[in-house]
Structure formats: structure tokens, C-alpha cells
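Everything on this sheet refers to the single structure shown next.
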Amino acid sequence: MAKEFWRWKEYNWKSENINWNNGAIITGGVDVGSVSSQAVVLVGGELFAYSSMRTGSDSPMSAVNSMNWALEGTGMTLENIKYVVGTGYGRVNVPFANKTITEIACHARGANLMYGNSVRTILDMGGQDCKAIRCDEKGKVTNFLMNDKCAAGTGRGMEVFADLLSVPIEDVGELSFYVEEEPPPVSSTCVVFAKTEATGLLREGWHKNKVIAAYCSAMAHRVVSLLERIGVEDDFVITGGIAKNVGVVRRIAKEIGIKTLETEYDSQIAGALGAALFARSLAEKGK
Amino acid sequence: MIANFGYKDGSGDFYIIIDTDKCNGCGDCVPVCPAGILEVRDNEYDPMADDLMAAVKEEFRKKIKYSCSPCKPDNIDYTLPCVKACQFDAITHSW
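Going down the list, the protein sequences come from chains A and B. Taking my numbering, the leading residue of the first sequence gets 1, the next gets one more, and so forth. Taking my numbering, the leading residue of the second sequence gets 288, the next gets one more, and so forth.
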């Protein structure tokens, strides 16, 4: 079988220095997205474990699998988790969730912890949609809009391009800077047409990297037009899978003239982390 | 909170914008919409709050351009039923 260049790595992580058996409240968040699912476990509000994997066709199964993988090797089981919040597209498909919350609220809350409370604008570039969110210092949503009608500006669009150009998806961002001059962006409103256009450009003799650069800037341009509707106030951050693609991130920052904050956390867990934080608040409130 | 319900596609920006600071969840806008796209519900963007707000029903959020088109005839200047029904001016349209 041909190599699948779009195939990104699944991963899990666990904290080495948290003893979960000390009576602190344990909460979980599961973000079942259209492309990837994440599970996060917090012990007393501290990040204890997480995982990220592909959703596939069976959302309930992927919710269970991602939680099991996050807990693997920790000695903790689902029974130890007091409260679980489900979020993301497949939030109704998390069988063990106590409550579901929209991913917009969860991303704002998660980003507030990951990047600090100075965050005011969040751009979540997910697998199959894109959300622009404004929030206050508590991570409460003050303005939002979502674009889930078009795959331009999403992770799935980038997967399509990685595959077309036979470039591993993790390398796309870096390679987009190996061009002599920045090419004009390709069609920014439709992934299918953008792909057609890219095929044509390759035929004209464009180097792969130049085509990637043209697509990265098309994607950046597309999401900036979404951001303009809600307005950008710093600090500005990008969450989701595309946050790991420097080719898109730097072009967005350049276009709006505001740098993005960095974080030591994994940008893809923002939604699940926010869900786990809400789980803690809700459990304490007895809701 | 400013809630933008809708989407942007190749043909334009289509958002119904609800200002939850003005909306008190009275529901006056719900029966006047001929397409029945509005509802009053809990604030799904602030799970810790207990207040109600008007919102575009989930199943209409990706097609409001078409759902709203009967109320938006060309070249005729009149106030949309939902906008008119809201005594707090909490509803606006982006197109």
C-alpha cells in the first residue's frame, strides 16, 4: 500500500509526579472531534494524563479508546473519575459523560489555562471546522463564530494537500518556507478546487514547496477573514492541530500583525482540557 | 456575549447575531419567524450560568441563507420580523 502522508501520529502522556490517590478531585474531559479525539484527566485541577487519537467512524468507541489510552499505565480506571464532560462534534457520543458542553466554551476555558488569563482571542483550527472565539480573563466566551460549512482552513484540507504532494503532514509547515519568494495564494474557499489548482501548478513546473506555501497562505487568508468579523485583541492564540503547522501560524500572525503566544501544553488538548476544567467546576457545584 | 449563528461560504457571510447582554430570553422572536428557526434555550456557551437566551436552532445553522430568504426580498426596505419583535434590539443579521 502506498504511504499515507496525511497520517499524523497518535500519542498519550502521563504525569510522573502526581499521586492521584491522595483524595484530590479527579475529573475528565473527552473531546470527540470530526478527525481526532482527545481525553484529558485532571487530578485536583492539575494535568495528570491525556491522549490524542483518530476518531474514525465509531465515535462512542473512540471516546472509550482515547480515555483508556490516557489512563494506560496510571493505575487509574474510569471508576476513579468523579465527573466527565464530553465536548466536540461527537459530544453526545461519549457514553460515560455526566454532561456535554459545546467545544466553543471548552476551548476558551482550556486556552485560559494553557496560555494564561491574558488570552483574549482564540482561533481553534480543528480537523473539519474553524472557530474564532473572544473571551475574558476568566476564559468566559464573549464573542464567537464558527465555520463548519467549508473545509478550507481546516486540518482535513491540510491532510489532502500532504497526500497530494507526498509530504509528511508534520513537515508541511517547515517546507512552506523553503521558497525563493512567497507565491500568491491558491483558491481559498474550497479544498477540492484548491487541490485542482495545485495539480495544475505542479504540471506547470512549480516546486512542491511553492505549492505548499501557496496553500498555507490561502488557509491563513481564509481564517483571517473569519477573525475579522469578531475582531482580534491580544493576546492571540491558535489551538487545534493546525497550531502545530508553522507555515500557517506564521502567515496568520503576519496577516493580522499580532504574534501568537506559545505554550508548553499540547495545542490539540485545549477542548478536552477545558471540558475537564468544567467537569471540576460542575462537580464542586454539585450540578 | 455576542453569538454569531451561521456561516461564511463562497457567496458571502450569513450570520444571525444575538447579543446575550441584551437578550433576556423572553421568546418574543420565536413565534414571529415564518421559518421557525429560532428557539429559547440555556446558554450553551456558558455552562455555569443559568440564564436563557434566544438562539438559532442547531439544524438551521448551516442553511440560514435559505431559511431567511423569504423575509429578505430585494429592493424592499422593511424590518425583519425577528428584529422587529425584539424590544431590546438584541438580534441583528450580517447580510
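Don't be surprised by glycine CBs; every beta carbon is placed ideally from N, CA and C.
Cα-Cα separation between residue i and residue j, rounded to whole angstroms
{"i": "Y332(B)", "j": "W69(A)", "result": "29 angstroms"}
{"i": "N245(A)", "j": "C355(B)", "result": "38 angstroms"}
{"i": "A151(A)", "j": "C373(B)", "result": "34 angstroms"}
{"i": "S37(A)", "j": "C106(A)", "result": "14 angstroms"}
{"i": "A279(A)", "j": "V186(A)", "result": "42 angstroms"}
{"i": "K295(B)", "j": "M125(A)", "result": "15 angstroms"}
{"i": "N291(B)", "j": "Y83(A)", "result": "30 angstroms"}
{"i": "A218(A)", "j": "E182(A)", "result": "12 angstroms"}
{"i": "L226(A)", "j": "A132(A)", "result": "7 angstroms"}
{"i": "E170(A)", "j": "Y178(A)", "result": "15 angstroms"}
{"i": "W20(A)", "j": "T27(A)", "result": "11 angstroms"}
{"i": "E29(A)", "j": "E103(A)", "result": "First, the residue type needs correcting, since residue 29(A) is Gly and not Glu in the sequence shown. Looking at the two C-alpha atoms, the distance is approximately 11 angstroms."}
{"i": "G88(A)", "j": "S34(A)", "result": "8 angstroms"}
{"i": "C313(B)", "j": "A377(B)", "result": "11 angstroms"}
{"i": "E10(A)", "j": "G200(A)", "result": "33 angstroms"}
{"i": "T100(A)", "j": "R203(A)", "result": "48 angstroms"}
For residue i, the nearest candidate out of the options (CA to CA)
{"i": "A194(A)", "options": "F161(A), V224(A), F177(A), S176(A)", "result": "F161(A)"}
{"i": "D308(B)", "options": "K295(B), I289(B), P321(B), C316(B)", "result": "I289(B)"}
{"i": "C190(A)", "options": "N291(B), S298(B), G293(B)", "result": "S298(B)"}
{"i": "P95(A)", "options": "D58(A), L113(A), Q128(A), G116(A)", "result": "D58(A)"}
{"i": "V394(B)", "options": "G293(B), P321(B), A342(B), T366(B)", "result": "Summary: the structure shown does not reach residue 394(B), with chain B confined to residues 288 through 382, and so no result is reported for it."}
{"i": "Y3(A)", "options": "S166(A), A49(A), G86(A), G139(A)", "result": "In the sequence as presented, Tyr is not what sits at residue 3(A); that position holds Lys. The residue with the shortest Cα to Cα distance from K3(A) is S166(A)."}
{"i": "G23(A)", "options": "T121(A), S34(A), M76(A)", "result": "M76(A)"}
{"i": "G155(A)", "options": "K138(A), L145(A), G173(A), F144(A)", "result": "G173(A)"}
{"i": "Y50(A)", "options": "R203(A), K285(A), A275(A), E284(A)", "result": "A275(A)"}
Presumed contact (8 angstroms Cβ cut-off) between residue i and residue j, rounded CB distance
{"i": "N12(A)", "j": "E79(A)", "result": "20 angstroms between Cβ atoms; not a contact."}
{"i": "A270(A)", "j": "G110(A)", "result": "4 angstroms"}
{"i": "A97(A)", "j": "V141(A)", "result": "Actually they are not in contact, since the Cβ atoms of A97(A) and V141(A) sit about 20 angstroms apart, beyond 8 angstroms."}
{"i": "I238(A)", "j": "I252(A)", "result": "7 angstroms"}
{"i": "V248(A)", "j": "A220(A)", "result": "6 angstroms"}
{"i": "M114(A)", "j": "L273(A)", "result": "7 angstroms"}
{"i": "L123(A)", "j": "V223(A)", "result": "6 angstroms"}
Start and end residues, beta strand (DSSP E) containing residue i
{"i": "S52(A)", "result": "46-54"}
{"i": "N143(A)", "result": "141-147"}
{"i": "Y302(B)", "result": "299-306"}
{"i": "D329(B)", "result": "325-329"}
{"i": "G86(A)", "result": "83-87"}
Partners in chain B for residue i, counting only beta-carbon separations shorter than 8 angstroms
{"i": "A270(A)", "result": "Correct list: empty, because the minimum Cβ distance to chain B is about 15 angstroms."}
{"i": "S59(A)", "result": "By Cβ distance, chain B contributes nothing, its closest Cβ being about 17 angstroms from S59(A), past 8 angstroms."}
Bounding residues of the alpha helix (DSSP H) (the contiguous stretch that carries residue i)
{"i": "T199(A)", "result": "191-203"}
{"i": "L226(A)", "result": "208-230"}
{"i": "G240(A)", "result": "Element bounds for G240(A): n/a, residue is neither H nor E."}
{"i": "N292(A)", "result": "Since the displayed chain A opens at 1 and closes at 287, residue 292(A) lies outside it and no answer follows."}
{"i": "K352(B)", "result": "351-354"}
{"i": "C369(B)", "result": "368-372"}
{"i": "R156(A)", "result": "155-165"}
Per-residue contacts from residue i into chain A (C-beta, under 8 angstroms)
{"i": "Y332(B)", "result": "T102, I104, A105, V141, F144"}
{"i": "D300(B)", "result": "R229"}
Under 9 angstroms by beta carbon: chain B residues contacting residue i
{"i": "N147(A)", "result": "Y294, K295, D296"}
{"i": "T196(A)", "result": "Near T196(A) there are no residues of chain B at all, since even the closest Cβ is about 15 angstroms away, more than 9 angstroms."}
{"i": "L226(A)", "result": "K295"}
Contact set between residue i and chain A, taken where Cβ atoms lie within less than 9 angstroms
{"i": "A342(B)", "result": "By Cβ distance, chain A contributes nothing, its closest Cβ being about 11 angstroms from A342(B), past 9 angstroms."}
Beta-carbon neighbours of residue i, restricted to chain A and to distances below 7 angstroms
{"i": "A290(B)", "result": "F144"}
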